[in-house]
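Undergrad:
Residue numbers (my numbering), protein chains in the order written: chain H, 1 to 504; chain Z, 1 to 316.
#1: Can you give the Cα-Cα distance for residue 195 of chain Z and residue 430 of chain H, rounded to whole angstroms?
#2: Do residue 419 of chain H and residue 352 of chain H count as a contact pair if the criterion is CB distance below 9 angstroms?
#3: Any beta carbon from chain H within less than 9 angstroms of residue 20 of chain Z's own beta carbon?
#4: Examine chain H for any beta-carbon lying closer than 9 angstroms to the beta-carbon of residue 5 of chain Z, and answer yes or no.
#5: Excluding the 5 residues preceding and the 5 following residue 175 of chain Z in the sequence, name in chain order all residues of the same chain whose CB lies nearer than 6 angstroms to its CB.
#6: Within the 9 angstroms Cβ cut-off, does residue 415 of chain H reach chain Z?
#7: Quick one: what's residue 436 of chain H bridged to in DSSP?
#8: With a cut-off of 9 angstroms, does the C-beta of residue 344 of chain H fall near any C-beta of chain Z?
#9: When you compare each of H:427, H:384, H:447 to residue 414 of chain H by their alpha carbons, which one comes out closest?
#10: Tell whether a beta-carbon distance below 9 angstroms holds between residue 424 of chain H and residue 435 of chain H.
#11: Out of Z:304, Z:300, Z:306, Z:277, state which residue places its alpha-carbon closest to the alpha-carbon of residue 44 of chain Z.
#12: Do residue 190 of chain H and residue 19 of chain H count as a contact pair if the criterion is CB distance below 9 angstroms?
#13: Cβ of residue 180 of chain H less than 9 angstroms from any chain Z Cβ?
#14: Would you say residue 315 of chain Z faces chain H, with C-beta separation under 9 angstroms as the test?
#15: The alpha helix (DSSP H) that contains residue 401 of chain H, what's its start and end?
#16: Assign residue 43 of chain H to buried or exposed, taking buried as 16 or more other Cβ atoms, counted over all protein chains shown, within 10 Å of its Cβ.
#17: DSSP has residue 307 of chain H in a bridge; who is on the other side?
#18: Is any beta-carbon of chain Z found at less than 9 angstroms from that of residue 365 of chain H?
#19: So, is the C-beta of residue 53 of chain H closer than 9 angstroms to a C-beta in chain Z?
#20: Residues of chain Z with CB closer than 7 angstroms to the CB of residue 340 of chain H, please, in chain order.
#21: If you draw a straight line from the alpha carbon of residue 99 of chain Z to that of residue 203 of chain Z, how long is it in whole angstroms?
#22: So if I threshold CB-CB distances at 7 angstroms, which residues from the region 153-185 of chain Z count as touching chain H?
#23: In chain order, what residues of the same chain lie with their CB nearer than 6 angstroms to the CB of residue 58 of chain H, ignoring the 5 residues before and after it?
#24: My understanding is that residue 46 of chain H touches residue 55 of chain H, with C-beta atoms under 8 angstroms, so please give their C-beta distance in whole angstroms.
#25: Can you give, in chain order, each stretch of the alpha helix (DSSP H) that sits fully within the region 41-120 of chain H and has at least 4 residues?
#26: Grab me the residues of residue 470 of chain H's own chain with a C-beta within less than 8 angstroms of its C-beta, minus the 5 sequence neighbours each way, in chain order.
#27: Would a check of beta-carbon distances place residue 382 of chain H closer than 9 angstroms to chain Z?
#28: Taking 9 angstroms as the threshold (C-beta atoms), are residue 35 of chain H and residue 228 of chain H in contact?
#29: Looking only at C-alpha atoms, which of H:151, H:114, H:454 sits nearest to residue 132 of chain H?
#30: Throw me the rounded Cβ distance for the residue 319 of chain H and residue 305 of chain H pair, which I believe falls under 8 angstroms.
#31: Can you name the residues of chain Z whose CB is closer than 7 angstroms to the CB of residue 332 of chain H?
#32: Please confirm whether residue 191 of chain Z has its beta-carbon closer than 9 angstroms to some beta-carbon of chain H.
#33: For chain Z, is any of its Cβ atoms less than 9 angstroms away from the one on residue 299 of chain H?
#34: Name the two residues that bound the continuous beta strand (DSSP E) containing residue 465 of chain H.
#35: Take residue 95 of chain Z and list the residues in its own chain whose beta-carbon comes closer than 7 angstroms to its own, dropping the five residues that flank it on each side.
#36: Of all the options H:333, H:143, H:198, H:315, which has the alpha carbon lying nearest to the alpha carbon of residue 165 of chain H?
The structure is reproduced here in structure tokens:
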């Protein structure tokens with residue numbers, strides 16, 4: 001089969017960074033092509049160029065042998081190229097049908113023929129095999145369903161090339177399965193799919209071919225994915241061999257440090273109790289909607305509790321505010337870094353010092369020198385990759401943002417309990433193992449660590465004990481010696497199928 | 001990017017534009033660069049300048065305050081009435097501060113605790129407080145009895161009127177508070193991302209209440225100085241002040257989306273507003289045209305800001 005999509009010596013630079021240099025590869029018609037690389041390797045830039053959002057400094061993109069010169073997202077649409085981003089581009093208050101037609105509504109004289117709209121969309125959806133009500137509002141759909149709608153939109157616009165950027169990062173495993181089936185169907189129709197993901201198992205399962213980028217350069221191109229191994233890809237991504245990315249090792253566990261006793265709240269009706277020992281890394285696993293993040297927010301005091309107490313080393317933590325939790329030695333790295341973690345528009349330095357600066361700011365007056373020292377110390381210690389501490393945090397990759405948030409808490413005094421929700425979501429392999437190492441080191445110093453993750457290999461890889469949550473309850477308590485993939489999954493799956501609760 | 005573009009869209013772009021505009025005006029407009037005119041110009045922006053200091057905090061924390069004009073009038077009225085009744089200027093001052101602080105506190109509590117949109121809340125208090133000023137004075141101007149009250153505005157130090165000194169002091173103090181204190185940094189953090197700031201241990205509700213209370217107090221100071229200058233408490237004083245103040249802040253690069261503010265920018269914004277008006281007066285341009293020009297300046301400033309953000313975005 002011939003090459004359908006081709007990148008020819010693409011280069012793109014931003015002031016201070018050469019994001020892509022001389023990248024060339026091509027994809028066959030009807031292929032699902034994987035694109036991998038650490039954060040900052042140039043995947044997002046490449047996708048941005050493909051989407052028409054920005055244009056390359058040098059080189060060209062060819063579709064079906066034709067050089068494309070589009071300069072906007074609209075032009076790219078016309079050329080049949082559609083990029084589906086991590087943040088979906090749908091209007092929440094409009095229906096599925098309206099969203100699909102947005103920009104080119106059928107009807108006469110500006111009056112929309114609502115019934116025709118819904119009928120056509122309904123037919124189209126069932127043709128593609130997507131089970132979503134065309135008259136439902138987007139806001140009422142789960143993240144997974146919204147993604148389906150995005151893909152349907154691409155299909156309706158007769159896309160010849162669809163790029164998916166980390167499509168499963170916020171999907172439950174069941175939703176991912178539906179997505180995979182849809183991708184299979186699109187492939188058989190001859191659509192080229194560019195699939196960006198950090199998840200190797202997905203890449204192996206879906207993709208026919210694969211390109212690996214590293215530091216803006218082509219690290220490897222595999223026209224046939226069956227001829228490569230996982231370890232080889234990881235090595236190509238990081239430029240070094242990582243044999244065991246988890247790196248877990250035994251630690252001495254001390255006395256009980258954190259005790260959570262029968263807490264419940266508006267979103268978590270059944271009271272929950274658990275405890276964590278000094279030096280222990282406790283994992284929480286569950287499907288999306290199992291109540292893990294809700295539990296976290298209750299423990300941390302971010303949401304109001306109905307009942308229950310939290311004690312650290314025997315002292316009760318006041319119930320309802322993050323500042324009090326922080327003073328009691330309990331900190332949280334939230335699930336959604338972008339909305340709950342980073343303060344965008346502010347520097348790395350300010351993001352790190354936001355809480356701990358109160359210890360060295362007499363009468364509320366800043367000590368800029370100390371703040372700079374603190375930032376530089378943790379940038380070095382956590383190996384945050386940045387030209388300077390003055391850099392706006394929004395410019396960092398996901399892994400480096402997570403490190404800055406860790407730095408925020410490590411610079412606090414007397415942290416005894418660290419809760420970290422989805423520690424490595426959207427973070428590349430190299431940075432992942434660095435973050436795990438930091439957690440092990442903190443645990444070894446006696447900190448009690450609670451890790452919440454929806455990636456089973458991760459929870460099994462790095463924790464000492466797992467609590468499995470299902471429908472707002474703790475369904476199982478499993479020690480590391482008894483870790484078993486099937487047992488954990490069985491406990492996480494609800495007996496009766498329930499409405500999927502959307503992550504908050 | 002060419003170096004000119006870099007200069008105009010960079011950090012100090014506004015200052016550069018201001019300097020150029022100032023030079024052009026000074027060379028072309030007769031009587032502009034005289035001591036008398038300069039002092040008059042500064043006198044005319046005292047109210048806007050003082051109130052802009054705290055409006056900057058309000059906007060930087062992603063809030064909004066429309067009630068400042070009414071608060072200035074109300075607290076000025078309170079100062080005049082209280083000092084007339086008691087015969088003590090000090091009591092008048094305290095009354096003004098109490099009134100202004102109270103209005104601000106109410107704004108803050110309603111917005112932070114009852115989670116009512118700041119735009120709506122202050123739109124309501126703007127009318128309520130204006131109503132108080134009218135009710136208290138029965139809709140008429142209240143003259144100042146004690147001549148030494150005038151001295152607040154008329155007195156000079158080193159040849160410069162006191163209100164200008166006060167405005168300068170406010171610029172220095174709030175510039176320091178914004179850049180060098182936990183309060184300032186927390187304000188910017190809240191504006192950048194309120195939920196992240198809350199989870200990072202910033203007491204967001206308290207901060208918002210403090211910012212509004214401070215705004216009220218600063219309005220009271222501006223109200224007293226204004227009353228002293230116009231030698232009476234006027235219930236209709238400072239109408240439309242909120243828009244001038246917000247314009248000056250936006251001109252100065254304060255982001256309405258929160259998280260970005262600089263004192264130098266706000267000072268330049270205030271001065272640009274003042275110069276535009278002053279020049280048009282010197283050139284005998286009819287007052288009606290001044291509205292058009294002020295609006296155009298604001299639009300241009302926002303467009304410039306947009307270009308600057310886009311340039312900053314490309315850099316990332």
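Glycine included, C-beta positions come from ideal geometry on N, C-alpha and C.
TA: Here's the rundown:
#1: Position 195 of the second chain, counted from the first residue, corresponds to residue 195 of chain Z. Position 430 of the first chain, counted from the first residue, corresponds to residue 430 of chain H. Computed Cα separation, rounded: 29 angstroms.
#2: On the first chain, position 352 is the one that residue 352 of chain H refers to. On the first chain, position 419 is the one that residue 419 of chain H refers to. The answer is no: Cβ separation not under 9 angstroms.
#3: What you label residue 20 of chain Z is simply residue 20 of the second chain in a count that begins at 1. Answer no: the Cβ-Cβ gap between residue 20 of chain Z and chain H never drops below 9 angstroms.
#4: Within the second chain, residue 5 of chain Z is the residue found at index 5, counting from 1. No, residue 5 of chain Z lies away from the interface with chain H (no Cβ there is under 9 angstroms from its Cβ).
#5: Locating residue 175 of chain Z in the second chain gives position 175, where the first residue counts as 1. For residue 175 of chain Z, where only same-chain residues beyond five positions count, the Cβ hits under 6 angstroms are 263.
#6: Residue numbering aside, residue 415 of chain H sits at position 415 when the first chain is read from its first letter. So no, residue 415 of chain H is outside the interface.
#7: In the first chain, residue 436 of chain H corresponds to position 436, counting from 1. Its beta-bridge partners do not exist; DSSP assigns none.
#8: Sequence index remark: in the first chain, residue 344 of chain H carries index 344 (1-based). Output row for residue 344 of chain H: interface = yes.
#9: The residue given as residue 414 of chain H occupies position 414 in the first chain. For the residues H:427, H:384, H:447, the minimum Cα distance to residue 414 of chain H belongs to H:447.
#10: Taking the first residue of the first chain as position 1, residue 424 of chain H is located at position 424. Taking the first residue of the first chain as position 1, residue 435 of chain H is located at position 435. Yes, the pair counts as a contact, with Cβ atoms nearer than the cut-off.
#11: For this step, residue 44 of chain Z is matched to residue 44 along the second chain. Taking only the C-alpha atoms, the option nearest residue 44 of chain Z is Z:277.
#12: Along the first chain, read from residue 1 onward, the residue named residue 19 of chain H stands at position 19. Along the first chain, read from residue 1 onward, the residue named residue 190 of chain H stands at position 190. Not in contact: residue 19 of chain H and residue 190 of chain H (Cβ atoms no closer than 9 angstroms).
#13: For the purposes of this step, residue 180 of chain H is taken as the residue at position 180 of the first chain. For residue 180 of chain H, the answer is no, since every Cβ of chain Z falls outside 9 angstroms of its Cβ.
#14: Taking the first residue of the second chain as position 1, residue 315 of chain Z is located at position 315. The pLDDT assigned to residue 315 of chain Z is 43, lower than 50, so where the model puts this residue is not dependable, and the model offers no usable value.
#15: As a working mapping, residue 401 of chain H is identified with position 401 in the first chain. Where residue 401 of chain H is concerned, the enclosing alpha helix (DSSP H) stretches over 398-410.
#16: Start at 1 with the first residue of the first chain, and residue 43 of chain H comes out as number 43. Buried, by the Cβ-count rule.
#17: In the first chain, the residue the question calls residue 307 of chain H occupies position 307. Residue 307 of chain H is bridged to H:264.
#18: Reading the first chain from its first residue, position 365 is the one you call residue 365 of chain H. Yes, residue 365 of chain H lies at the interface with chain Z (some Cβ there is under 9 angstroms from its Cβ).
#19: In the first chain, residue 53 of chain H corresponds to position 53, counting from 1. Output row for residue 53 of chain H: interface = no.
#20: Within the first chain, numbered from 1, the residue matching residue 340 of chain H stands at position 340. The answer, in chain order, is 195, 196, 199.
#21: Here residue 99 of chain Z is taken as the residue at index 99 of the second chain, counted from 1. Here residue 203 of chain Z is taken as the residue at index 203 of the second chain, counted from 1. When rounded, the distance between both Cα atoms is 26 angstroms.
#22: 180, 181, 182, 183, 185
#23: The residue labelled residue 58 of chain H in the question sits at position 58 within the first chain. Taken in chain order, the residues that qualify are 11.
#24: Start at 1 with the first residue of the first chain, and residue 46 of chain H comes out as number 46. Start at 1 with the first residue of the first chain, and residue 55 of chain H comes out as number 55. About 12 angstroms separates the two Cβ atoms, so there is no contact after all.
#25: 43-51, 73-78, 96-101
#26: Taking the first chain and counting its residues from 1, one reaches residue 470 of chain H at position 470. Excluding residues within five positions, the ones whose Cβ falls inside 8 angstroms are 286, 287, 290, 491, 492, 493, 494.
#27: As a position in the first chain, residue 382 of chain H is number 382, starting the count at 1. So, not an interface residue.
#28: In the first chain, residue 228 of chain H corresponds to position 228, counting from 1. In the first chain, residue 35 of chain H corresponds to position 35, counting from 1. Cβ distance not < 9 angstroms, so residue 228 of chain H and residue 35 of chain H don't count as in contact.
#29: If you number the first chain from 1, residue 132 of chain H lands on position 132. Residue 132 of chain H has its Cα closest to that of H:151, out of H:151, H:114, H:454.
#30: The residue labelled residue 319 of chain H in the question sits at position 319 within the first chain. The residue labelled residue 305 of chain H in the question sits at position 305 within the first chain. Confirmed, about 6 angstroms.
#31: Here residue 332 of chain H corresponds to residue number 332 of the first chain, with the count starting at 1. By Cβ distance, chain Z contributes 199.
#32: Working through the second chain from its first residue, we reach residue 191 of chain Z at position 191. So, interface residue.
#33: One-based indexing of the first chain puts residue 299 of chain H at position 299. No, residue 299 of chain H lies away from the interface with chain Z (no Cβ there is under 9 angstroms from its Cβ).
#34: Taking the first chain and counting its residues from 1, one reaches residue 465 of chain H at position 465. Where residue 465 of chain H is concerned, the enclosing beta strand (DSSP E) stretches over 465-470.
#35: Taking the second chain and counting its residues from 1, the one referred to as residue 95 of chain Z is at position 95. So the list reads 78, 79, 82, once near-sequence residues are dropped.
#36: Here residue 165 of chain H corresponds to residue number 165 of the first chain, with the count starting at 1. Taking only the C-alpha atoms, the option nearest residue 165 of chain H is H:198.
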